[in-house]
Each structure stands twice: as structure tokens, then as C-alpha cells.
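Visitor: Just dropping this structure here.
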Amino acid sequence: MIENFLGGVAVVFQPVNLLILMSAVFIGFIGGALPGISGVILVVILLPVTYGMDATAAFMLLTAIYGSTVFSGLITAILYRAPGTPEAVMTSFDGYPMTQQGEAGKALGIGILSSAIGGLVGTVALIVFTPLLASVALQFSSPEYFALAVLGLTVVASLGGKLIYGLIGAALGLFIATVGIDPLTGTPRYTFGSLNLAEGVGLIPVIVGLFAISEVMKRASGTETQQPLTKVKVKIFDSAIMRKIALTLSRSSLLGVAIGILPGIGASTAAMVSYSEAVRWSKHPQDFGKGAPEGIAAPEAANNAAAMGALVPLFALGIPGSGTTAIILGAFIMHGLQPGPNFMMVSSDLIYAVFAGLFIVNFMILVFSKPFIKLFTKLLNTPYSVLGPIIVMCCIVGTYSVRNSMFDVWLMLGFGVLGFLLEKLRFPLVAIILGLVLGPIAESELRRSLAMSQGDMTIFLSRPISATLIGVAIALLSVSILIPLYKKYKEKRLYSANAD
Amino acid sequence: MSSKNKMIVFGSLGVAMLMGPTLAAADEAANDYPSEDLKFLVAAGAGGGTDNFTRTVQPMLEEELDTSITVINLPSASGSVAHQRTANSEPDGHTWDFASSTLVTSLAAGQNPTELEELTPVARMQSDVMTLIVNPDKHEDLEAFLSYAEENPGEVTIGGTHAASPDKMAFLSFRDASGLDISFIPYDEEGSVSSNVLSGNIDGMFGEISSTLNYIESGDMRPILVFAEDRLENFPDIPTTVENGWDLTDGNERGVFVNADTPPEIVSQMEDALKSVYDSDEYQSYEEKVNLHYREGWMGSEEYKEKLEENLELYTRLIEETNQ
Amino acid sequence: MSYRNYVFPSALLIFLLASFYPTMQLPGAGEVSTFIGPRLWPFTLWVILVVLVITLFSITRSREKRENANNEERFNQGSPCNKRGANVSILSAHEISHALARSKHWVILVLAVLYTVLMQLVGFLIATGVFSLVCTMVLGTRHKGAILATVLIAMGLIQGVFVTLLNIPLP
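Line by line, the protein sequences give chains X, H and G. Numbered according to UniProt numbering, the first sequence spans residues 1 to 500. Numbered according to UniProt numbering, the second sequence spans residues 1 to 324. Numbered according to UniProt numbering, the third sequence spans residues 1 to 171.
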């Protein structure tokens, strides 16, 4: 295996391949930083270009783009609260407050470091464990996915802000997620006969609206003053911070890999679960959402690790772990390759070259992100009256280009207004996203599980993995809801005793 | 034409459509077709089989018709948006709709408001072979599967993609023909279906042979029934539906559609162009690469239309029967 | 003053009441072939949301009662509206008219809506130019060079990245 890997490294270091990797990283950077342009779109666009290329080079290009888009979503998430990719939503949660406090450079540094480490851990797992992990991932079927979604939803309790708002937000997100054609029966739900709603409410319009548009509106209304940014200096290796986030980094990276290898569950979910675990394990959970370094490290390490993890089932079994990997799978077939159980043996040269390429891409991210970000931070100092319109335009055009749908643009603007109004209540907007992402998984997998068991509810408890996950979720939920409630109750009694 | 100019053309096209009356007379158009750039609407998301097909024939058609082509993916509502836009486009043959069998299956399921009469099928280019695939650890062959399903009514679960897909129709028609008491679980992605078959969580799946070939070769999956009249040359051991007395031969098909009001001369021009692309070595080697060469894909406009009408009638009946 | 606190729960309640009918219209398990029909899940969520809204109402009420019971001074300190008022007055020192400052974000939104409409009518390139021009001016840039630069950057960015580089079809 090590021999294979070294062989792969040798292939990568051919000048042509290095050049391909570098341009891939650069394209990924740009695409990831623009809201609406996700890895999926980039890979699709470049697919025809790769047909003429040698298979090894083609797949290094595609996977490198995939890796670097997941990374670069964090730039705009931190600087403008306009997550460039859905995976970076959680990053804006702590990253943007840091920018507002004038610490954009620090926030970006943490993000870059965490991404690179998460990506490296993911790549190592990919190289070493692919055959082993793939068989573990196969143990996950509908009941386990349902349990995982439930576990993800318990995050609401640790989001901060008013618990009741968090619960309403998550429930609202879950409710919005039911719009569209029911995947199990094909019944249209809440579409009111409109074709635009048949596919459901898209994630991109909601995210871009709730976060980016509402932020531009807030800034335009002038009710929030912002610290004038002087010079943003990105510092990647800061020993004090590194010590602080070391534990979070390692936990989130491993968690990211574990979630990433599950087919059908992507890096966005990994970032959410990892963020909530960071809050849960933190000694000072009250700092989250206000600019905690761990709040950036956790989702960034996890989403990059998960992105690499999603390649595990692809290489080992020919099963795509996410939307982007599904397209890469299609590309393999177009190149006359057969991803599947024998893929690792038949095309080992190609696979190890791709592995080595990904390994090096993560280092490239560390090196090249700094000059690239400088470009963006320079923009930060331009007046918002210039920047605001450009952000709005990118949001509109980006949202449109996802599905070539004008309806999505209207939806996005609507959610922008909603986000703006809800922000005034200090409503945790991310709870809505959480419900929207996990809702379809929870519902469909619940119903698929019951179809598997012919309606027997005990299927969730008779399978060890799902039983464990559900047990953990219930325990966590009861602890995180009951303790604050009990505290409140005690306070209330104290208060009423005093009032009397 | 530069892409900037292209945009302006599309922009003014939009204005023209809004204004109402059609500007181009149909007869004139037939002589110098295509008189402007073409627009290919893909009734599926980027990266899928239909998208691959469209993007593969795009450069070939650009050469054939000496024009430039913009590809637009409209995956919303199982591609219904693409069909609707085609049906509402100007009937001059400049808007092509690339669709799969999902066009009829979603129509049968009542999810597609564009009737078959509003579109003219130009040609069928691909015909994938539908198979029933099982995990060999669970079921040895077709006989073992059938006897297991008979002995355990209601317990056999079969996976497939989506609730109104060709997979689902294959399931419904198979259940209708065989009379077995089996149930269907729709998944969002094909990957989820195959992983559930691999892990033995479900008994089997309906799927195209092209996408599962590698599992078949590695022995992790086994096709036990082919939806075809004669056994496939490459897989002589797999029994067919017809030899078992079930008249089921439909798989997933991909073809091209236009607005039904398009003048017949233009439709036949389009058909000719597609035919010469289909016959080219370049296209045939693509079919072989993606394992779509097991049976003849080509079907002309008239024949394809009849076939689609037949399919629609059958699927509508099957769905009505299930809901009773 | 107190009505402000009820705007959100009331709006949510109206939304829920409006969605009750379409929810009940969905077929239940008996009418389809799956074990749980398309109705159960959204209906459960609907019930949960109603319970949460009622809880929110009661929380808001009880807090208001408590605040009313406290003295006026403490109420004022805790009110977010007052703080916002203070900020606005700071801004007016920057010679921005009160009314415009307070409604600028809605102007931006209206402009974004117009941009979207315009894009479908005359194509995105012209719309982008017009939008960036007007929007930059509304947001308070007076310098001609800056305005021109914004318009050029905006048009270049959209044309360059989305059309040329990524080959995305725009209207």
C-alpha cells in the first residue's frame, strides 16, 4: 500500500499534473467563494473538459476541485456572512462575529488550518481504511440514518439563544422540508399545483436568503455599526489558538470522516453535528455564536474530513456518498472505468494517484489560500455601499444558476426578508437550516425503515447501531432540556419568594 | 457568435415571447433551419444519465447542424419544467427537450402537467435494459426468488429510485404479471439502493443493467431477470421476462422531444440529424463505454410516439390499480 | 409597546392556521400503499409547532407581566428598541437623513426585486449595470469614480466568472 501511495506521489509530481492540481485548487477557490456555485456545479461544468484528458489527470482535477470548494466556502461565510457553499453555514455562526470584532484574520486563519487538518485526516482515512470503512458504512441502512438524523436534531438545544426559538426554528425547517413531492408515494405536498415547488424548497435559496441577503439589509439599514477593519492579517499558525482548538480539531475531524463515509449524508450534516458536539463538550458553551475559535474549527475540520470520507464508499464500492461524488462516479463511467467492489484492485494506480493528489491538495490549500484571501480582505476595506450591491447580485445570479429557476430567486429574496425580521428577535436562523437539511432524511428513512420491517417499530431498537444512536440522542436531549428547565424553575421559585 | 451576443439573443427572444404573436413564419423556417442558436433543455439534473447523453451529442449535433447550442438543466419536478417550457416554446424547432422514460412515468403518476399530445417525440436514442437484481447470498436465482416470495407473502422488499420512476413501473408491471405479494421501497439515489442490496437489507432491486455491471462482475449482485424478448448476447444465462410468460420489455429510454406544433418538415430534419449522429462511430463508441449497447436504441418519431402512448396507458392503469 | 412582542407568535399562528387545511387534504396511510402516509409527518410537525407557539405566547405574557411589575427604569434599560434609537441618532450625526437611513434596506430589497424582473426582460448584463449603478448611489456613494468602478466590476464579475468561466446560461 505504501509503495502504491509513493507511486501515486511520483505521478502527482509530474509537472503537468502539478499544474492541473494548482489550477483545480484555484477554480475551486473561486467557485466555493461564490454563493450558489457549489462543488457539484463546478464538477459538472468541468466534466466535458476532462473527456479529452488522461484518466488519472482528469480525476485528480475533479477531486481536487471538489476538495477545494468545500474549503473556500468559509471565506465569504466569515467575511460577509454569505456562506459560499452549504457546507460553510455553520462557519459563519462564529466566524462572522469575529469579523465584526475586527478579528477576521484570526478567524480565517483558524478556518484554513482546520480545513487543511480535517482534509488531511480525511485523506489519510481514505488511504488507509477505504476497504475496511466501506463495509462499516454498509451496515448503515434506513433505521440508522433515521437515528442519526434524530441525533443531529438534538443540536437545537445547544444552539444558544432562547430554547423556544430554537425549537420553533427547527420545527419550521422540518415543516418547510415537507414541501414538494413526497419521495415515497409521489404525492405532491403544499405545492398548490406549482411545478416550482414540486422539487421542494431548495437549500441554497434558503441559506443565501436567510444569511447573505438579510445581512446586506441589516448593514444597509445602518442600525448595526461595524468596527472599521484596518489591516487583516491572516495568521494560520498561532500556537495559543492551536492549543485551544487542538481537541476540537481532532474530535471534529474524526467525526467528519465517520459521517462522511455514510452514503447519502454529506459534509453539511457533518459540520452541523460536529458544531453541536463542540458546544456540548466545551467548558464555556456560552461563548459559541459570539466568536468562539472552536466554533470555526469544529465545522471546518468536519466538513473537509467528511468531503474526503464521502470518497470512501465511492472508491471501495462504487457508491457515491454525496451529490458531488455521484457526478464523479458518472465521470468514471464515461472514462470507461468501472467503480465497484473490484475497483481498488483493477485501477489501483489511478486510485493511489488520486489519493496522493488529494493529500497534496490539502497542503496547497494551506499555501495558496493566503494570497487568495488577501484579495477578499482587500475588498473588506472598500465601502459597503460598493460591496453590498455586488453581494446582492452574486446572490441573485448564483441562486438562479443552481437550477436555472427564477422562482428560486424570489424564494431567496423572500427568505432574505424573513431572515432580516427574525434577526431582530435574535432568532437562531441556523435552526431552520438544521430542520431543512435533516427533515427529508428523518422522514423518508423513518418510513423506509417501517417498510423494511413491515410496520414494526421495534426495528429501531433491534439493530445495535440504531439503538445506540437513539439512546444517545434521547439521553442528550433530556439532559440538555431538563437541566435548564430545572434551573429556571428554581430561579422562578426564588424570584417569587423574593417578590412576596 | 460570442456568448455575450448569445445572451442578448436569448434576452430578446424572451421579449418576443412576452409580446405574444410569433415572429417567424413556419414555412420559411424549414428551409434555412436552424436559423438561430439551439437551446437544449435537459429534463434531469447535471451529471445524470440524461445529462451525460445530452452533453455527449451536443458537440456532434453542433457539427451536424452547423450551429451553436446552449444546454440548460431543468431538473425541477422530475423534469416537468423542461417539458412545460418546451411545450410553451416557439414551435420552430429551436428548443429541444432531452428526456428519459420519466416523462411518461411521471405523467402516469399525475406529476407532470404537460400532456403527451403537447410534445412531438423526435427520436429515441437509447434503450437501457431493465433487470431484477438480487444479492446472491439471499437468493440464488429466479426460481429461488419466486418460491421464497410465494412462501413469505408481504415480506419481500424491492428497492428502486423514486416513486414515479421507470424502476417503480418495472416493479408494478412485474408484480402485476407475476401476481406476487411484494413491496417497493423508493430511494432518493441509485447509490442508496445498491448499498441496501449489497448489505442485504432489502431483497433486491429493479435497475438498469448498465449501472450495476461492476457489481455483477464482482459477484456481489446477480441479475436474475431481464426485461427483454430474447436473452442478451453478453448475458446468456439470465432468463428473460418473455420466456417466463410475462410480456414486459420496457427499460429506461432516452430521447428528444419538441413542441407539438413544430412543422413536420423541421421535425424530420431534426430526426435526420439525430439519426446520423446515432450512426456515427463516435456515438456508438460512447454507447459501448456506458454499457448501453445491449440493444438497439434508435427509434424514429412515429414509432416512438406509438410506444410512448402504449406505455402511458399501461402505467396509468398500473398506478390506478395500486391506489385502489 | 407590548404588541411588538406578539408580532412574531401571531404571524406564526396565522401561518399555521393557513396551513391546516392543506395539511389535512394530504392522503393518510389508509389511502396509499406505505405504512405511514404522506400526511402523518407534516401533521405531527404542525401539532408540535402549534404547541410551541402557544408556549411562546405564554412565555411572552409571563415575562411581560414580570417586567410590568418591575419599575419603569429597569424596563427601559432592557428594551432593545431604545438601544436602536440611540444608534440611529449617532448616524444622523453623519448627516444621513433619518427617514432614508431607516428605510434604506427596504429600498435595497425593492431594487433587488426590480433587478430580478429586469434581468428577465432585457438580459442580465444591462440589468446588472443598472442595478449596481442605482444601488451604489442609494447606499451613499457620491464619488463618480467609485460608482463607475462598481458598475464595471459588477458587470465584469458576472460576465467573466458566471458566463465565460463557468459557462452558466443566464437569461
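Backbone N, C-alpha and C fix where the C-beta goes; we use that ideal spot for every residue, glycine too.
What residues from chain H crowd round Thr185 (chain X), counting only those whose CB sits closer than 9 angstroms?
Guide: For the purposes of this step, residue 185 (chain X) is taken as residue 185 along the first sequence, with counting starting at 1. Chain H residues near Thr185 (chain X): Ala163 and Pro186.
Visitor: Check the DSSP bridge columns for Phe29 (chain X) and list the partner residues they point to.
Guide: One-based indexing of the first sequence puts residue 29 (chain X) at position 29. Phe29 (chain X) pairs with nothing; no bridge assigned.
Visitor: Quick check on DSSP: helix, strand or coil for Glu253 (chain H)?
Guide: Within the second sequence, residue 253 (chain H) is the residue found at index 253, counting from 1. Three-state result, Glu253 (chain H): strand.
Visitor: Just confirm the distance between the C-beta atoms of Gly318 (chain X) and Pro299 (chain X), as a whole number of angstroms; I'd bet it's less than 8 angstroms.
Guide: On the first sequence, position 318 is the one that residue 318 (chain X) refers to. On the first sequence, position 299 is the one that residue 299 (chain X) refers to. About 29 angstroms separates the two Cβ atoms, so there is no contact after all.
Visitor: Output the boundary residues of the beta strand (DSSP E) element that contains Gln126 (chain H).
Guide: Along the second sequence, read from residue 1 onward, the residue named residue 126 (chain H) stands at position 126. Looking at the DSSP string, the run of the beta strand (DSSP E) that includes Gln126 (chain H) is Leu119 to Ser127.
Visitor: Can you give me the Cβ contacts of Leu425 (chain X) inside the same chain, cut-off strictly under 8 angstroms, excluding the 5 residues immediately before and after it?
Guide: What you label residue 425 (chain X) is simply residue 425 of the first sequence in a count that begins at 1. Correct list, in chain order: Tyr165.
Visitor: Looking at the strands, I want to know which residues DSSP matches up with Leu132 (chain H).
Guide: For this step, residue 132 (chain H) is matched to residue 132 along the second sequence. DSSP output for Leu132 (chain H) lists H:Phe206 and H:Leu225 as bridge partner(s).
Visitor: Mark His83 (chain H) as exposed unless 16 or more other C-beta atoms lie within 10 angstroms of its C-beta, in which case mark it buried.
Guide: Along the second sequence, read from residue 1 onward, the residue named residue 83 (chain H) stands at position 83. Buried: at least 16 other Cβ atoms inside 10 Å.
Visitor: Can you grab the Cα-Cα spacing for the pair Pro389 (chain X) / Arg254 (chain H), in whole Å?
Guide: Taking the first sequence and counting its residues from 1, one reaches residue 389 (chain X) at position 389. Taking the second sequence and counting its residues from 1, one reaches residue 254 (chain H) at position 254. Roughly 43 angstroms between the two C-alpha positions.
Visitor: Output the boundary residues of the alpha helix (DSSP H) element that contains Glu65 (chain G).
Guide: As a working mapping, residue 65 (chain G) is identified with position 65 in the third sequence. Reading off the sequence, residue 65 (chain G) comes out as Lys, not Glu. Start and end: Leu40 to Ala69.
Visitor: Quick check: the stretch 157-165 of chain H against the stretch 215-228 of chain H, are there 3 or more CB pairs under 8 angstroms?
Guide: The stretch 157-165 of chain H is not in contact with the stretch 215-228 of chain H.
Visitor: Scan the stretch 275-304 of chain X and note each continuous beta strand (DSSP E) run of 3 residues or more that stays entirely inside, going in chain order.
Guide: Listed in chain order, there is nothing to give.
Visitor: Can you name the residues of chain G whose CB is closer than 7 angstroms to the CB of residue 538 (chain X)?
Guide: The structure shown does not extend to residue 538 (chain X), since chain X spans only 1 to 500, so no value can be given for it.
Visitor: What's the call for Gly471 (chain X), buried or exposed, on a 16-neighbour Cβ count within 10 Å?
Guide: What you label residue 471 (chain X) is simply residue 471 of the first sequence in a count that begins at 1. Gly471 (chain X) comes out exposed.
Visitor: Starting from Ile59 (chain G), find everything on chain X with Cβ-Cβ shorter than 9 angstroms and list it in chain order.
Guide: As a first step, residue 59 (chain G) is located in the third sequence; it is residue number 59 there, counting from the start. Ordered by position in chain X, the residues that pass the 9 angstroms Cβ test against Ile59 (chain G) are Lys162 and Ile164.
Visitor: Between the alpha carbons of Asn342 (chain X) and Ala326 (chain X), how many angstroms are there, rounded?
Guide: Residue numbering aside, residue 342 (chain X) sits at position 342 when the first sequence is read from its first letter. Residue numbering aside, residue 326 (chain X) sits at position 326 when the first sequence is read from its first letter. For Asn342 (chain X) and Ala326 (chain X), the distance between alpha carbons rounds to 18 angstroms.
Visitor: So, at 6 angstroms on beta carbons, what are the nonlocal neighbours of Ala154 (chain G) in its own chain, with the 5 sequence-adjacent residues on each side left out?
Guide: What you label residue 154 (chain G) is simply residue 154 of the third sequence in a count that begins at 1. Cβ neighbours of Ala154 (chain G) beyond the five flanking positions: Thr128 and Ser132.
Visitor: Just by C-beta distance, which residues in the stretch 400-429 of chain X are closer than 9 angstroms to chain G?
Guide: So the close ones are Tyr400, Ser401, Asn404, Met406, Val409, Trp410, Leu413, Gly416, Val417, Phe420, Leu421, Leu422, Lys424, Leu425, Arg426 and Phe427.
Visitor: What number of angstroms, rounded off, separates the C-alpha of Val50 (chain G) from the C-alpha of Ala431 (chain X)?
Guide: By 1-based counting over the third sequence, the position of residue 50 (chain G) is 50. By 1-based counting over the first sequence, the position of residue 431 (chain X) is 431. For Val50 (chain G) and Ala431 (chain X), the distance between alpha carbons rounds to 17 angstroms.
Visitor: From the DSSP output, read off the bridge partner residues of Thr240 (chain H).
Guide: The residue given as residue 240 (chain H) occupies position 240 in the second sequence. The partner list for Thr240 (chain H) (beta bridge, DSSP) reads H:Val226.
Visitor: Do you know whose CA, among X:Gly28, X:Leu148, X:Leu138 and X:Val156, lies nearest Leu434 (chain X)'s CA?
Guide: Counting from one through the first sequence, the residue named residue 434 (chain X) turns up at place 434. Considering only alpha carbons, the answer is X:Val156.
Visitor: At which residues does the beta strand (DSSP E) containing Pro22 (chain G) begin and terminate?
Guide: Your numbering for residue 22 (chain G) matches position 22 in the third sequence. Unbroken run through Pro22 (chain G) is the alpha helix (DSSP H), Arg4 to Gln25; no beta strand (DSSP E).
Visitor: State yes or no: is the beta carbon of Ala58 (chain X) nearer than 9 angstroms to at least one beta carbon in chain H?
Guide: One-based indexing of the first sequence puts residue 58 (chain X) at position 58. Taking Cβ atoms only, chain H never reaches closer than 9 angstroms to Ala58 (chain X), which makes this a no.
Visitor: Are the CB atoms of Val16 (chain X) and Thr324 (chain X) nearer to each other than 9 angstroms?
Guide: Position 16 of the first sequence, counting from 1, holds the residue named residue 16 (chain X). Position 324 of the first sequence, counting from 1, holds the residue named residue 324 (chain X). Cβ distance not < 9 angstroms, so Val16 (chain X) and Thr324 (chain X) don't count as in contact.
Visitor: Since I believe Ala307 (chain X) is in contact with Gly67 (chain X) (beta carbons under 8 angstroms), could you give me their beta-carbon distance rounded to a whole number of angstroms?
Guide: Reading the first sequence from its first residue, position 67 is the one you call residue 67 (chain X). Reading the first sequence from its first residue, position 307 is the one you call residue 307 (chain X). Going by Cβ atoms, the distance from Gly67 (chain X) to Ala307 (chain X) rounds to 6 angstroms, so yes, they are a contact pair.
Visitor: To the nearest angstrom, how far is it from the Cα of Pro205 (chain X) to the Cα of Pro75 (chain H)?
Guide: On the first sequence, residue 205 (chain X) is found 205 positions in, with the first residue counted as 1. On the second sequence, residue 75 (chain H) is found 75 positions in, with the first residue counted as 1. Distance between the alpha carbons of Pro205 (chain X) and Pro75 (chain H): 16 angstroms.
Visitor: Check the Cβ of Ala154 (chain G) against every Cβ in chain X and list those closer than 8 angstroms, keeping chain order.
Guide: For the purposes of this step, residue 154 (chain G) is taken as the residue at position 154 of the third sequence. Pro389, Ile390 and Met393, listed in chain order.
Visitor: Let me confirm a value: Phe257 (chain H) is counted as buried when at least 16 other C-beta atoms fall within 10 Å, else exposed. Which label applies?
Guide: Here residue 257 (chain H) refers to the residue found at position 257 of the second sequence. So Phe257 (chain H) ends up on the buried side.
Visitor: Report the three-state DSSP secondary structure of Asn87 (chain G) (helix, strand or coil).
Guide: Position 87 of the third sequence, counting from 1, holds the residue named residue 87 (chain G). For Asn87 (chain G), the predicted structure reports a pLDDT of 43, less than 50, and the residue's modelled location is therefore unreliable. A value from the coordinates is still provided. In the structure shown, Asn87 (chain G) sits in a helix (DSSP, three-state: H, G or I).
Visitor: Since Phe53 (chain H) is in the alpha helix (DSSP H), which residue starts that stretch and which ends it?
Guide: Along the second sequence, one-based indexing puts residue 53 (chain H) at 53. Unbroken alpha helix (DSSP H) run through Phe53 (chain H): Gly49 to Leu65.
Visitor: Taking any Cβ of chain G, which residues in the stretch 442-458 of chain X have a Cβ under 8 angstroms from it, in chain order?
Guide: Those residues of the stretch 442-458 of chain X that come within reach of chain G (Cβ to Cβ, closer than 8 angstroms) are Glu443, Leu446, Arg447, Leu450, Ala451, Gln454 and Gly455.
Visitor: Would you mind sorting Gln454 (chain X) into buried or exposed? The rule is 16 or more other CB atoms within 10 Å of its CB.
Guide: Here residue 454 (chain X) corresponds to residue number 454 of the first sequence, with the count starting at 1. So Gln454 (chain X) ends up on the exposed side.
Visitor: Kindly give me the distance between the Cβ atoms of Ile213 (chain X) and Leu413 (chain X), rounded to whole angstroms, as I take these residues to be in contact under 8 angstroms.
Guide: Working through the first sequence from its first residue, we reach residue 213 (chain X) at position 213. Working through the first sequence from its first residue, we reach residue 413 (chain X) at position 413. That pair is a contact at about 7 angstroms.
Visitor: For the stretch 326-339 of chain X, which residues have a CB atom closer than 7 angstroms to at least one CB atom of chain H, in sequence order?
Guide: Those would be Ala326, Ile327, Gly330, Ile333, Met334, Gly336, Gln338 and Pro339, in chain order.
Visitor: For the alpha helix (DSSP H) that Val7 (chain X) lies in, which residues bound it at each end?
Guide: On the first sequence, position 7 is the one that residue 7 (chain X) refers to. The question names Val, but residue 7 (chain X) is Gly in the sequence shown. Start and end: Ile2 to Val12.
Visitor: Expressed to the nearest angstrom, what Euclidean distance is found between the alpha-carbon atoms of Ile328 (chain X) and Tyr21 (chain G)?
Guide: On the first sequence, residue 328 (chain X) is found 328 positions in, with the first residue counted as 1. On the third sequence, residue 21 (chain G) is found 21 positions in, with the first residue counted as 1. Approximately 43 angstroms between the Cα atoms of the pair.
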